[in-house]
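> Okay, here's the structure, questions in a sec.
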Amino acid sequence: MAAIVTRLERTVYLAAAPVLGMAASLPPHHPLGVAVATVEGVGVAAALAVVAARARREGLWLVRLSPLLTAGVVDLAARNISGWHWDAAMAGGWGLLFCAVAPLSKTLRRNRPAVAAAPEAKALTAPPPAPARDVEVLDPLDATDRFSADVRALWRSAGGAGHTHVAAAHPHVGKPHDLTMLLRSSERGRPIGGGLTRAAVAAAFAVNESDVVLLEATAMAGRQSGPGWREVQVIPDERKRRRTSPTEAERWEDQVASNAIPGSRFIGKRRDEDRQVSYWIAELPDSAGEPRIDPVALARAMGASHDDGRVFATVDGRRVLVAVWDDSPLSKVYPATRALLTPDENGWWTTGYLANGQPALNRVYTDRGAAHVLVVAPSGGGKTQLMALVMAAYSNFGAVLWLGTEAPDEKTPLLGAHCARYGVGALYMLRQLRALIALMEIRGTMAWSDGKIHDWDPKLPGCPYRPLECFQDEFLSAAADPDYGDEISALAQEVSVKGRKYGIGEVIAGQSAQVQHGFPSLMLKNIRENGIPVLLKLAPGDITSTFKDLGVALEYIPDALPRSFSREAGGRIERILAGEAEPPSDSNTGGVGWTVPGRKPEVLRTLFADFGKGIDDLFSAEVYDLTAHETRELEARSLLFDWSLPPQPGEFGDDPDDEDEEPAPKRGGKTAGRSTITTVDQALAAIRR
7 MAAIVTRLER TVYLAAAPVL GMAASLPPHH PLGVAVATVE GVGVAAALAV
57 VAARARREGL WLVRLSPLLT AGVVDLAARN ISGWHWDAAM AGGWGLLFCA
107 VAPLSKTLRR NRPAVAAAPE AKALTAPPPA PARDVEVLDP LDATDRFSAD
157 VRALWRSAGG AGHTHVAAAH PHVGKPHDLT MLLRSSERGR PIGGGLTRAA
207 VAAAFAVNES DVVLLEATAM AGRQSGPGWR EVQVIPDERK RRRTSPTEAE
257 RWEDQVASNA IPGSRFIGKR RDEDRQVSYW IAELPDSAGE PRIDPVALAR
307 AMGASHDDGR VFATVDGRRV LVAVWDDSPL SKVYPATRAL LTPDENGWWT
357 TGYLANGQPA LNRVYTDRGA AHVLVVAPSG GGKTQLMALV MAAYSNFGAV
407 LWLGTEAPDE KTPLLGAHCA RYGVGALYML RQLRALIALM EIRGTMAWSD
457 GKIHDWDPKL PGCPYRPLEC FQDEFLSAAA DPDYGDEISA LAQEVSVKGR
507 KYGIGEVIAG QSAQVQHGFP SLMLKNIREN GIPVLLKLAP GDITSTFKDL
557 GVALEYIPDA LPRSFSREAG GRIERILAGE AEPPSDSNTG GVGWTVPGRK
607 PEVLRTLFAD FGKGIDDLFS AEVYDLTAHE TRELEARSLL FDWSLPPQPG
657 EFGDDPDDED EEPAPKRGGK TAGRSTITTV DQALAAIRR
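Dropping the structure here:
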């Protein structure tokens with residue numbers, strides 16, 4: 007039967023050869039030529055389909071289609087070579103070649119060499135050996151598609167890390183090098199070995215270790231889970247896209263959640279074009295506790311420098327808000343206006359603006375009575391500017407203002423013009439405090455409109471006196487005065503304790519508020535509890551001790567602020583090559599510091615009062631003073647006079663001895679003009695005398 011098929015095939019070739027030779031010489035549209043071209047086209051199309059489909063036994067099918075493919079080549083050559091004898095020679099050669107080869111009949115299954123018969127089975131004298139651990143055992147549920155088979159073969163040739171077998175593999179659409187494998191243990195009922203690591207998978211697929219992800223397998227139809235199964239992702243294309251063009255959530259996960267704010271999860275992002283700021287919102291799981299934020303790493307993740315002052319984080323429970331400004335809000339100037347410096351119905355007024363753009367508020371009273379204010383700043387840090395803001399707020403509130411400073415400067419007289427009393431020196435500040443102590447006693451006996459005595463309450467009608475705010479500039483210098491310092495400290499502390507009940511508050515200003523520098527600890531505590539301290543431009547070495555003295559918990563003590571909030575000028579390398587000097591640094595941190603409204607300090611920049619253009623429009627047109635009754639009572643106690651005068655006879659004890667008596671020693675004894683009072687009780691006794 008096979009010989010008959012072979013003879014028939016050869017007959018077909020011999021009959022087709024003349025037709026093939028004639029077709030090249032026929033007119034283009036001759037029926038015979040069209041038929042020959044059609045047959046050749048079918049052969050070429052079939053061969054292309056076999057190659058494109060990557061069918062099984064691809065080579066065998068191409069051998070069977072070779073007569074049609076070569077006939078097309080002969081026909082094409084004959085049409086381009088002149089002379090009928092060449093046409094006949096090529097067609098005849100084609101026919102003789104395939105008569106000899108007979109590719110169709112020779113590739114039939116019945117014509118293949120027979121497989122040798124299996125040897126006859128012999129009786130076994132011993133049990134067969136156990137299969138080796140690395141022998142692959144296929145499972146009926148294993149995928150049988152071509153891709154899974156190829157990946158399975160590659161994995162097996164790489165050693166099958168962890169004694170695993172590829173149950174299935176799936177390519178990722180649009181990413182030719184990415185795939186997901188479902189692995190199972192090669193040994194039924196045993197967990198996957200420890201050899202299945204990212205490095206082992208990366209070595210098998212020739213990718214970086216960071217391009218491999220190991221996941222727990224989830225149970226679903228056709229697959230199991232547990233320690234005997236693992237899901238593996240090999241994603242070099244996805245990693246490359248994530249490195250070059252990540253989404254906002256991916257950028258947060260890779261750059262922020264991994265380091266700057268560990269464990270945080272991206273929620274969303276908003277952009278405020280008017281204020282030129284972008285807000286990133288994230289949250290932490292319930293078990294994360296208080297967020298741990300690395301401000302330097304956070305700024306770097308947001309494409310900024312920590313010294314730029316453009317990136318700030320705000321924590322609200324489990325939520326975190328990160329503000330990224332185009333330009334630092336702390337580098338801007340916020341002009342002071344009377345509207346901002348006028349307290350509202352609850353006593354709040356605007357001190358400046360926080361780093362997140364919110365108004366920073368302070369208040370002229372609390373629910374406990376009159377408020378105190380602590381202003382701390384080094385020379386040139388904006389202390390006098392801030393005192394002007396506080397003074398304007400109390401002026402617009404209708405309060406009586408007293409200002410005493412240990413040493414005069416250019417700006418304090420301008421502030422004194424808006425005060426009922428203003429003077430310079432430690433003696434002046436002591437007399438000021440003595441008058442306040444007596445004034446508390448006087449106000450404690452003044453009846454309100456209902457005929458009763460009340461603690462001061464700005465919301466209760468019928469108060470017979472105005473609130474009074476006493477400003478004490480360079481307080482620590484005055485408290486260190488060898489003659490009056492002890493009494494100044496004692497009386498200021500007494501006012502901080504009791505003044506709130508009588509509408510009397512203190513504004514303590516200086517270059518330090520540390521207990522180790524002489525600041526009374528009880529006074530510091532009272533100011534902290536009855537006011538909102540503002541600290542500007544603290545030296546890095548003083549930050550921890552200052553905030554610790556203010557009662558701020560160690561975990562909330564902030565880092566030092568940068569020396570400038572301006573971006574560094576580019577082109578430094580070019581300036582070095584040209585031998586040019588660096589441009590001067592713009593020190594624009596005046597008025598920048600912290601406000602402590604609660605347990606956590608907040609970074610702020612205070613409003614700017616332009617002394618050069620004048621500050622009168624920030625204040626009330628009227629300068630308020632004590633009532634006539636208060637004035638008479640203080641004068642009766644010899645406490646209200648020109649406090650700039652030198653010490654008066656009997657003001658600090660008995661008059662000095664007569665001239666004919668031996669003078670008292672200059673040191674170690676009581677001398678005229680020097681206060682010997684060191685306690686509050688002594689001060690009260692002296693005031694009553």
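Position 78 of the sequence shown, counting from 1, maps to 84 under this note's numbering, and the rest follow consecutively.
Backbone N, C-alpha and C fix where the C-beta goes; we use that ideal spot for every residue, glycine too.
Does the distance from the CB of L541 to the CB of W462 come in under 8 Å?
Translated into positions along the sequence shown, residue 541 becomes position 535. Translated into positions along the sequence shown, residue 462 becomes position 456. For L541 and W462, no; Cβs fall outside 8 Å.
> Restricting to Cα atoms, I'd like to know which of M397, A310 and E636 is closest to G410.
Looking up residue 410 in the sequence shown gives position 404. Here the closest residue by C-alpha is M397.
> Count Cβ pairs between the region 495-507 and the region 526-544 that sit closer than 8 Å; are there 3 or more?
Segments in contact, yes.
> So what does DSSP say about C476, is it helix, strand or coil?
To locate residue 476, count along the sequence shown from 1; it is residue 470. Note: C476 maps to strand in three-state DSSP.
> Below 8 Å between beta carbons: does that hold for V339 and V330?
Counted from its first residue, the sequence shown places residue 339 at position 333. Counted from its first residue, the sequence shown places residue 330 at position 324. Cβ distance not < 8 Å, so V339 and V330 don't count as in contact.
> Could you say which of R581, E256, A208 and T356 lies nearest to L624 if we only look at CA atoms?
Taking the first residue of the sequence shown as position 1, residue 624 is located at position 618. The option with the nearest alpha carbon to L624 is T356.
> Cα-Cα, which of F525, A41, R162 and V406 is closest to V25?
Looking up residue 25 in the sequence shown gives position 19. Out of F525, A41, R162 and V406, A41 has the C-alpha closest to the C-alpha of V25.
> Do the region 160-176 and the region 206-219 touch if we need at least three Cβ pairs shorter than 8 Å?
The region 160-176 vs the region 206-219: in contact.
> Between the alpha carbons of I287 and V328, how many angstroms are there, rounded?
Within the sequence shown, numbered from 1, the residue matching residue 287 stands at position 281. Within the sequence shown, numbered from 1, the residue matching residue 328 stands at position 322. C-alpha separation (whole angstroms): 6 Å.
> DSSP on E289, reduced to helix/strand/coil?
Here residue 289 refers to the residue found at position 283 when the sequence shown is read from its first residue. Strand, per DSSP.
> Is it buried or exposed for Q391, if we count other Cβ within 10 angstroms and need 16 for buried?
What you label residue 391 is simply residue 385 of the sequence shown in a count that begins at 1. With 16 or more Cβ atoms within 10 Å of its Cβ, Q391 is classed as buried.
> Over the uninterrupted beta strand (DSSP E) stretch that includes I273, give me the two end residues.
Start at 1 with the first residue of the sequence shown, and residue 273 comes out as number 267. Per DSSP, I273 belongs to the beta strand (DSSP E) from R271 to D278.
> If you run the structure through DSSP and keep just helix, strand and coil, what is M226?
As a first step, residue 226 must be located in the sequence shown, where it is residue number 220. Note: M226 maps to strand in three-state DSSP.
> To test your reading of the DSSP string, which unbroken beta strand (DSSP E) runs of 3 or more residues are found completely within the region 443-525?
Runs found: 474-479 and 510-516.
> Entirely within the region 302-366 and at least 3 residues each: give me those beta strand (DSSP E) ranges in chain order.
Correct list: 317-322, 325-331 and 354-360.
> Please go through the same chain and pick out, in chain order, the residues whose beta-carbon is closer than 7 Å to the beta-carbon of L68, but skip the five residues on each side of it.
The sequence position of residue 68 within the sequence shown is 62, counting from 1. Closer than 7 Å at the Cβ level, and outside the excluded window around L68, lie A53 and V56.
> Using CA coordinates, which residue listed in F481, G323 and Y359 is at the minimum distance from S337?
Against the sequence shown, residue 337 aligns to sequence position 331. That would be Y359, whose Cα lies nearest to the Cα of S337.
> Alpha carbon to alpha carbon, how far is S644 from G597? Give it in angstroms, no decimals.
For the purposes of this step, residue 597 is taken as residue 591 along the sequence shown, with counting starting at 1. For the purposes of this step, residue 644 is taken as residue 638 along the sequence shown, with counting starting at 1. The alpha-carbon atoms of G597 and S644 are separated by roughly 40 Å.
> Enumerate in chain order the residues of its own chain whose CB-to-CB distance from A305 is below 8 Å, with the five nearest sequence positions on each side excluded.
Stepping through the sequence shown from its first residue, residue 305 is reached at position 299. Correct list, in chain order: S311, H312, D314, R316 and V317.
> Considering only the alpha carbon of each residue, which of V11, D631, W354 and G404 lies closest to A108?
Here residue 108 corresponds to residue number 102 of the sequence shown, with the count starting at 1. Of V11, D631, W354 and G404, the residue nearest in Cα terms is V11.
> With C-beta atoms as the reference, is A205 less than 8 Å away from E193?
As a first step, residue 205 is located in the sequence shown; it is residue number 199 there, counting from the start. As a first step, residue 193 is located in the sequence shown; it is residue number 187 there, counting from the start. No, the pair does not count as a contact, with Cβ atoms beyond the cut-off.
> Taking the C-alpha atoms as reference points, what is the distance between G200 and G168?
Within the sequence shown, residue 200 is the residue found at index 194, counting from 1. Within the sequence shown, residue 168 is the residue found at index 162, counting from 1. The straight-line gap from Cα to Cα measures roughly 6 Å.
> What's the C-alpha gap between D555 and E237?
Residue numbering aside, residue 555 sits at position 549 when the sequence shown is read from its first letter. Residue numbering aside, residue 237 sits at position 231 when the sequence shown is read from its first letter. Going by the C-alpha atoms only, they are around 56 Å apart.
> Are the beta-carbon atoms belonging to A515 and D548 less than 8 Å from one another?
Taking the sequence shown and counting its residues from 1, one reaches residue 515 at position 509. Taking the sequence shown and counting its residues from 1, one reaches residue 548 at position 542. Taking 8 Å as the Cβ cut-off, A515 and D548 do not qualify as a contacting pair.
> The beta strand (DSSP E) that contains Q239, what's its start and end?
Locating residue 239 in the sequence shown gives position 233, counting from the first residue. Where Q239 is concerned, the enclosing beta strand (DSSP E) stretches over W235 to V240.
> Buried or exposed for E254, please, with buried defined as at least 16 other CB atoms from any protein chain shown within 10 angstroms of its CB.
Taking the sequence shown and counting its residues from 1, the one referred to as residue 254 is at position 248. Exposed is the call here.
> In this structure, what does DSSP give as the bridge partners for A175?
By 1-based counting over the sequence shown, the position of residue 175 is 169. A175 is bridged to M187.
> If you run the structure through DSSP and keep just helix, strand and coil, what is G387?
As a working mapping, residue 387 is identified with position 381 in the sequence shown. G387: coil per DSSP, three-state reduction.
> Within its chain, find whatever has a CB closer than 7 Å to the CB of E395; leave out the 5 residues flanking it on each side and keep chain order.
Here residue 395 refers to the residue found at position 389 when the sequence shown is read from its first residue. It is worth fixing the name first, because residue 395 is Leu in this sequence and not Glu. Hits under 7 Å: A342, L347, T357, T612, L613 and A615.
> Which residue or residues does DSSP assign as beta-bridge partners of A95?
Translated into the one-based positions of the sequence shown, residue 95 becomes position 89. Note: A95 sits in no beta bridge, so no partner.
> Can the beta-carbon of H378 be found closer than 8 Å to that of E512?
The residue given as residue 378 occupies position 372 in the sequence shown. The residue given as residue 512 occupies position 506 in the sequence shown. A contact, by the Cβ cut-off of 8 Å.
> Look up Y630 in the DSSP assignment and say whether it is helix, strand or coil.
Within the sequence shown, residue 630 is the residue found at index 624, counting from 1. Coil.
> Quick one, which of T552, R605, A519 and E475 has its alpha-carbon nearest Y400's?
Locating residue 400 in the sequence shown gives position 394, where the first residue counts as 1. Among T552, R605, A519 and E475, the Cα nearest to that of Y400 is on E475.
> Which word fits N368, buried or exposed, when buried means at least 16 other C-beta atoms lie within 10 angstroms of its C-beta?
Within the sequence shown, the letter at position 362 stands for residue 368. When all chains shown are included, N368 counts as buried.
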